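Chemist:
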Amino acid sequence: MTADLSRAAAPDAGSIVATPFGELPDGRHVELYRLRNRHGMQASIMTYGGIITSLTARDRQGRYDDVVLGHDSLAGYLPNPPYFGALVGRYGNRIAKGRFTLDGRSYQLTLNDGPNSLHGGRHGFDQALWHVEEARAIPGGATLRLSYLSRDGEEGYPGTLRVSATYTLSEDDTLRLEFEAHTDRATVLNLTAHSYFNLRGAELRGNVLDHVVTIPAARFLPVDGTLIPTGERRAVAGSPFDFRTGRAIGAQIGDVDEQLRYAKGYDHTFVLDTSGGLQRAASVYEPQSGRVLEVLSTQPGLQFYSGNQLDGSQAGKGGWRYARNDGLCLEPQHFPDSPNQADFPSTVLRPGEEYRQTILYRFTSR
Numbered sequence: 040m041t042a043d044l045s046r047a048a049a050p051d052a053g054s055i056v057a058t059p060f061g062e063l064p065d066g067r068h069v070e071l072y073r074l075r076n077r078h079g080m081q082a083s084i085m086t087y088g089g090i091i092t093s094l095t096a097r098d099r100q101g102r103y104d105d106v107v108l109g110h111d112s113l114a115g116y117l118p119n120p121p122y123f124g125a126l127v128g129r130y131g132n133r134i135a136k137g138r139f140t141l142d143g144r145s146y147q148l149t150l151n152d153g154p155n156s157l158h159g160g161r162h163g164f165d166q167a168l169w170h171v172e173e174a175r176a177i178p179g180g181a182t183l184r185l186s187y188l189s190r191d192g193e194e195g196y197p198g199t200l201r202v203s204a205t206y207t208l209s210e211d212d213t214l215r216l217e218f219e220a221h222t223d224r225a226t227v228l229n230l231t232a233h234s235y236f237n238l239r240g241a242e243l244r245g246n247v248l249d250h251v252v253t254i255p256a257a258r259f260l261p262v263d264g265t266l267i268p269t270g271e272r273r274a275v276a277g278s279p280f281d282f283r284t285g286r287a288i289g290a291q292i293g294d295v296d297e298q299l300r301y302a303k304g305y306d307h308t309f310v311l312d313t314s315g316g317l318q319r320a321a322s323v324y325e326p327q328s329g330r331v332l333e334v335l336s337t338q339p340g341l342q343f344y345s346g347n348q349l350d351g352s353q354a355g356k357g358g359w360r361y362a363r364n365d366g367l368c369l370e371p372q373h374f375p376d377s378p379n380q381a382d383f384p385s386t387v388l389r390p391g392e393e394y395r396q397t398i399l400y401r402f403t404s405r
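Each residue of the sequence shown is one higher than the one before, starting from 40 at the first, in the numbering used here.
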């Protein structure tokens, strides 16, 4: 049953509508929430995995089209090995050998990426059924707040963690995502979102190699053959990793470079300014449509992934089989493997502390 949750909103408000989106194998029901701003931009988010299933943006002619990869039904996301559109945690990115020591005690996490633990393990937050705390229209847009209780020992992580994710679509064509979390025991936490963007839109399709990416980072984190950071913060100058003034993804992705060979393209963390507060993490321009995506964040790092593992086996929206480089990810986060690398910003959360991080996806055109 469809439910319009806009309820007597102001005439210039957006809207939010909830619809059933299928059942999980254990019989639990999944809902899809469609947020719409007053200009017509839409963001569709389901309670399973907090997944952004659709996100529309205007091209230079003012036409909206979906700019994220995904599936037309819940079944396509079960399982979801590329993490299309999902919230990832308890720890986004990799932890070496799935091990870390905290306050003198060692923990072993579930291994799901060769010798490492990736994105929280085999059953991370991307596979959780999130609870709806709030869903309402607001002036110009709409907001949705989801919550999840991660039990002590889940996937090997210590502490019972209460986490929320609030999505707000505003009238300036910005989707804001705010994370909050509290724990009853010291743990490690690194939350992010894993949407794959293709600013051509679903109608034009094609790969993202012509997308012009700008990342205002002077350094990035080199990795080893299993994509674990070596601990070095390497200058981007003179390398294929220099996106400071804007560069097409395909310009140097095929260069002879050890780091590109390890990842089969870009799958690296860029070191952002850590002066605090919301800051510009990246921007993307797609020349055919004119769409521009700007990503802002409070996080110290940005994982840039060029969709290297997409291989055509994923049947996506409208029958589009997602091939290599058909989408790109820009994931604001703390550094991979931080629990094992003392020189990296800490990801430890303790009782009485509040975890708060923000990501903004702002769309324009030119």
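Cβ atoms here follow ideal geometry from the backbone N, Cα and C, with glycine treated the same way. All values derive from a computational prediction rather than experimental measurement.
1) Can you give the Cα-Cα distance for T403 and L332, rounded to whole angstroms?
2) How is the beta strand (DSSP E) around L200 delimited, first residue to last?
3) Secondary structure at A225, three-state DSSP: helix, strand or coil?
4) Please classify D28 as buried or exposed, where buried requires at least 16 other C-beta atoms within 10 Å of its C-beta.
5) Going straight from the alpha carbon of G179 to that of T313, what length do you get?
6) Taking just the CA atoms, how far does E62 sit from S112?
7) Tell me R97's beta-bridge partners as DSSP assigns them.
8) Taking 6 Å as the limit between beta carbons, can you name the residues of its chain near G89, skipping five residues before and five after?
9) Considering just the uninterrupted stretch of the beta strand (DSSP E) at A82, what are its terminal residues?
10) If you count every other CB in all the chains shown that lies within 10 Å of the CB of G391, and 16 or more means buried, which is it?
11) For a test of the three-state rule: what should DSSP assign to R67, helix, strand or coil?
12) Give every residue of the same chain whose Cβ lies closer than 8 Å to the Cβ of D212, excluding the five residues on either side of it in the sequence, and list them in chain order.
13) Compare the beta carbon distance of D376 and P268 with 8 Å and say whether it is the shorter of the two.
14) Any idea if V202 is buried or exposed, counting beta-carbon neighbours within 10 angstroms, 16 or more meaning buried?
15) Use the C-beta contact count for E325: other C-beta atoms within 10 angstroms, 16 or more gives buried, fewer gives exposed.
16) If we ignore side chains and look at the alpha-carbon of each, how far apart do L335 and L399 end up?
17) Determine the direct distance from the alpha carbon of R283 to that of H233, and round the result to whole angstroms.
18) Is the CB of W169 under 8 Å away from at least one CB in chain C?
19) What are the start and end residues of the beta strand (DSSP E) that includes E172?
20) Using 8 Å for Cβ pairs, my map puts P386 next to L228. What's the rounded Cβ distance?
21) Is D212 near the ligand ADP, with its Cβ less than 7 Å from a heavy atom?
22) Please return the same chain residues whose Cβ sits closer than 7 Å to the Cβ of Y103, not counting the five positions on each side in sequence.
23) With a threshold of 7 Å on Cβ separation, who are the neighbours of Q327 within its own chain once the five nearest residues in sequence on each side are excluded?
24) Using a Cβ-Cβ cutoff of less than 6 Å, which residues in the same chain neighbour L248 once the five nearest sequence positions on both sides are dropped?
25) Pull up the distance between the alpha-carbon of L183 and that of Q380, whole angstroms please.
26) Counting pairs of Cβ atoms below 8 Å between the segment 148 to 166 and the segment 298 to 317, do you hit three or more?
27) Using C-beta distances below 8 Å, list every residue in its chain close to N347, excluding the 5 sequence neighbours before and after it, in chain order.
28) Leaving out the 5 sequence neighbours to the left and right, which residues in its chain are closer than 6 Å to Q353 when beta-carbon positions are compared?
29) Within the continuous alpha helix (DSSP H) that includes R401, where are the two ends?
Modeler: Let me spell this out:
1) Roughly 7 Å separates the two Cα atoms.
2) 200 to 209
3) coil
4) Missing from the structure shown is residue 28; the chain here goes from 40 to 405 and no further.
5) 32 Å
6) 11 Å
7) Y103
8) L126, W169, L185, A204
9) 81 to 85
10) exposed
11) coil
12) N76, H78, M80, A96, R97, R401, F402, T403
13) Result yes, Cβ atoms of D376 and P268 sit closer than 8 Å.
14) buried
15) buried
16) 5 Å
17) 22 Å
18) Among the chains in the structure shown there is no chain C, since it carries only a single protein chain.
19) 170 to 177
20) A quick correction: the sequence has Thr, not Pro, at residue 386. T386 to L228, Cβ: 6 Å. Contact.
21) The model depicted lacks the ligand ADP and carries no ligand whatsoever.
22) G79, M80, T95, A96, R97
23) Excluding residues within five positions, the ones whose Cβ falls inside 7 Å are R239, L243.
24) I288, G289, N364
25) 35 Å
26) no
27) A302, K303, G304, Y305, D306, R363, N364
28) Y361
29) Residue range 394 to 404 is occupied by the beta strand (DSSP E) that includes R401, with no alpha helix (DSSP H) assigned at that position.
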